[in-house]
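In this text, residue positions in the sequence shown follow numbering that gives the first Met the number 0: the first is 0, and each later residue adds one. Glycine included, each C-beta is placed from N, C-alpha and C at the ideal position.
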Amino acid sequence: MNVLVINCGSSSLKYQLLDMTTEEVLAKGLVERIGIEGSVLVHEAPGQDKVKLEQPMKTHKEALNLVMAALVDPAHGVVKSLEEISAVGHRAVHGAETFSDSVVIDDAVIKSLEECSELAPLHNPANLIGINACRELLPNVPMVAVFDTAFHQTLPGEAFMYPLPYELYEKFKIRKYGFHGTSHKFVSQAAAELMGKKLENLKLISCHLGNGASLCAIKNGKSVDTSMGLTPLAGLEMGTRCGDIDPAIIPFLVNKGYTVEEVDVLMNKKSGVLGVSGISSDFRDVEGAANNGNKRAQLALDIFHYRVRTTIGAYVAAMDGVDGIIFTAGLGENSTTSRAAICGGLKYLGVSLDPVANSKRGEATIISDKDSKTTVMVIPTNEELMIARDTLALAK
Ligand code: ADP
């Protein structure tokens, strides 16, 4: 049974076709610059050369048409006809309180997704465009929506409520939702396997550290706290996002003459590791500069490591202990030095790293040594596979 996974952004579209009998990726690709000049599709299949197609794609439907054509192309395609696609899984960003799990898409789900758009104005409308275009092109194929927020719907009230007037929650649904749920769920399942234990008996802290970064406390397989909030701006320092700051800074800046939109752009696009270092939002560049003695680059990294470490401390308190800490995503999977810097301050948890294991890359590995009281792991995340698994389970 083949499952097509679609991740639709406002001007981009990522896809993967997976054979779910083996969980093998048959093909994957990326369309960029949809609706703007220079639209391009890059399609890859294992053992074949990359195919690059540059032609105008005014809409997501046009882009999806080309993706479908690439999948069945006699030269570089991987299936004979679209009938070999049994189900489609769509990444959906915000499911609000309506969706606490993945769901088979029907008209009622589309309507609810539209209602959730207010909470994710950049992401949900793009997801919906992808879903609608796919439904038109493959009208008889079951489709499933998998939400970034769903995994965190198990958060208890004390973790998800902001201490604001309660009416704001009732009127506007202002609360913590959390994101990266598909990734946190995937790596927590893989961590239990790697530890040879049951997920239901474990206290885990998952550190998804990429350009966007969030931590998640997972007790007995359920998310009990996470660092992103109503939006993905909250929590840790990120590539360009400030994470948690004193909220009074916003009216302070507005009183200084900044518009609300300018403050929004400043916090989302000009802050974080980029804003502090003044060098780049890419951790590799900032690590390189810090190694060459750049003090602001080092400070940006120090803030990042400090926030991850202190949030780990908060989640140990939330769960009254921790059995395993997981590192995942671009930086979490690749940066030996960041992992060492973060874990350097976790001696009170009995954490000690195995330097040889910590220098490995690209595979699920335990990086703590045999004496470590808490198991520390690197687990490459795979959100597409998690979406495909949920899609398969529901489409059946
Ligand atoms: P996102 O999906 O949020 O865009 P990723 O999970 O792809 O982010 O992570 C991207 C980040 O990971 C970049 O900042 C990049 O610098 C960092 N990264 C990737 N490889 C390394 C590495 N070898 N060392 C340090 N940082 C790395």
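Residue i versus residue j - alpha carbon distance
| i | j | result |
| --- | --- | --- |
| V143 | L384 | 13 Å |
| N254 | D245 | 15 Å |
| A158 | K170 | 19 Å |
| L167 | E114 | 17 Å |
| E260 | L214 | 27 Å |
| L391 | M19 | 8 Å |
| I365 | C342 | 13 Å |
| T21 | E332 | 24 Å |
| G228 | G177 | 5 Å |
| G242 | G129 | 29 Å |
| G8 | R134 | 17 Å |
| V50 | P120 | 33 Å |
| K184 | T327 | 12 Å |
| L63 | P162 | 44 Å |
| N1 | D370 | 44 Å |
| N278 | L17 | Position check: residue 278 holds Ile in this sequence, whereas Asn was assumed. Distance between the alpha carbons of I278 and L17: 39 Å. |
| L345 | A313 | 12 Å |
| D389 | G88 | 8 Å |
| R240 | P73 | 44 Å |
| I217 | I204 | 6 Å |
| G238 | T309 | 19 Å |
| E236 | F303 | 6 Å |
| G76 | N6 | 20 Å |
| R338 | L232 | 23 Å |
| Y305 | A316 | 17 Å |
| H59 | I33 | 7 Å |
| V285 | D106 | 46 Å |
| L52 | L137 | 22 Å |
| L201 | D322 | 6 Å |
| T373 | Y347 | 10 Å |
| L12 | L393 | 23 Å |
| L300 | G211 | 15 Å |
| E61 | I35 | 13 Å |
| I311 | S187 | 15 Å |
| D368 | K197 | 21 Å |
| D319 | C206 | 18 Å |
| K294 | G287 | 12 Å |
| V4 | R90 | 8 Å |
| L118 | R174 | 11 Å |
| G23 | M266 | Looking at the sequence shown, residue 23 is not Gly but Glu. Taking the straight line from one Cα to the other gives about 39 Å. |
| V71 | G349 | 54 Å |
| G94 | T148 | 6 Å |
| I109 | Y165 | 29 Å |
| S334 | I249 | 33 Å |
| A340 | V307 | 10 Å |
| H179 | E382 | 9 Å |
| T336 | G195 | 27 Å |
CB contact below 8 Å: residue i versus chain C
| i | result |
| --- | --- |
| V223 | Protein chain content of the structure displayed is limited to a single chain, and chain C is not contained in it. |
* Considering only residues of the segment 155 to 205, which uninterrupted alpha helix (DSSP H) runs meet the minimum length of 4 residues and lie entirely inside it, listed in chain order? -> Annotation note: the segment 155 to 205 contains the following uninterrupted alpha helix (DSSP H) runs of length 4 or greater, listed N- to C-terminal: 156 to 159, 165 to 171, 180 to 194.
* Please list, in chain order, all residues with a C-beta atom less than 5 Å from at least one heavy atom of ligand 2. => Among the ligands modelled here, namely ligand 1, ligand 2 does not occur.
* Check whether the segment 92 to 101 touches the segment 147 to 165, taking contact to mean three or more Cβ pairs, one atom from each stretch, closer than 8 Å. => Yes: the two stretches touch, three or more of their Cβ pairs being nearer than 8 Å.
* **beta strand (DSSP E) segments (min. 3 residues) lying fully within the segment 307 to 350** => Listed in chain order, they are 323 to 327.
* How about the segment 68 to 85 and the segment 364 to 383: do they share at least three Cβ pairs that are nearer than 8 Å? -> Output reads no: the segment 364 to 383 does not touch the segment 68 to 85.
* Asked: If you scan the segment 229 to 257 from start to end, which runs of the alpha helix (DSSP H) of 4 or more residues do you find wholly inside it?
  -> Fully enclosed alpha helix (DSSP H) runs of 4 or longer: 248 to 254.
* Asked: Is it a yes or a no for the segment 256 to 276 touching the segment 188 to 204, going by three-plus beta-carbon pairs under 8 Å?
  -> No: fewer than three Cβ pairs fall under 8 Å.
* To do: Decide if the segment 350 to 360 is in contact with the segment 216 to 226; the criterion is three or more beta carbon pairs, one per stretch, under 8 Å apart.
  => Contact between the segment 350 to 360 and the segment 216 to 226 is absent, because fewer than three Cβ pairs lie under 8 Å.
* What residue ranges within the segment 281 to 306 form continuous alpha helix (DSSP H) runs of no fewer than 4 residues, ordered along the chain? -> For the alpha helix (DSSP H) assignment, the uninterrupted runs of no fewer than 4 residues enclosed by the segment 281 to 306 are, from N- to C-terminal side, 282 to 290.
* Asked: Do the segment 54 to 74 and the segment 24 to 44 make contact, defined as three or more Cβ pairs closer than 8 Å?
  -> Short answer: they touch.
* Mind listing, in chain order, the continuous alpha helix (DSSP H) runs of no fewer than 4 residues lying wholly within the segment 47 to 94? => For the segment 47 to 94, the continuous alpha helix (DSSP H) assignments of 4+ residues that do not extend past its boundaries occur at 59 to 71, in sequence order.
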